[in-house]
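Undergrad:
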Amino acid sequence: MSSRQVKQVFEKYQKERTAFVQKVADLANQSENIETLQNVGAMALLRPLLLDVAPTFSKQQPWLSADWPITMKTLQRLL
656 MSSRQVKQVF EKYQKERTAF VQKVADLANQ SENIETLQNV GAMALLRPLL LDVAPTFSKQ
716 QPWLSADWPI TMKTLQRLL
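Last residue of the sequence shown? That's 734 in the working numbering, and every number before it is there in order.
(1) Roughly how many whole angstroms lie between the Cα atoms of glycine 696 and phenylalanine 665?
(2) Using a Cβ-Cβ cut-off of 7 Å (strictly less than) and excluding sequence neighbours within five positions of leucine 682, which residues of its own chain qualify?
(3) Considering only their Cβ atoms, is the gap separating leucine 701 from valine 617 smaller than 8 Å?
(4) Can we count glutamine 677 as close to the ligand NAD, meaning its CB is less than 7 Å from some heavy atom?
(5) Rounded to the nearest angstrom, what separates methionine 698 and glutamine 663 at their Cα positions?
This is the structure we're talking about:
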């Protein structure tokens, strides 16, 4: 496997993680989904992404960034 192919695998992984966070954020913005998200453990799945060192996710305060798909308000609704 070439270096380029290896990098593509990791780029795809990062894109899928971003898509997951975006979808959870979209779902959490609808109040009827909050209980279900809590029951399936959405916060437990999001926590590692919030603490991740990958550039896509790691920012000192990612929820203040315009490109961060999940807001503090959304996180609070999930707690």
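Note that beta-carbon positions come from the ideal geometry of N, C-alpha and C, so glycine has one too.
TA: According to the data block:
(1) When the Cα atoms are used, glycine 696 and phenylalanine 665 turn out to be separated by approximately 25 Å.
(2) Asn688 and Leu692
(3) Coverage of the chain is limited to positions 656 through 734, which leaves residue 617 absent and any answer about it impossible.
(4) No copy of the ligand NAD occurs in the structure displayed, which carries no ligand at all.
(5) Roughly 28 Å between the two C-alpha positions.
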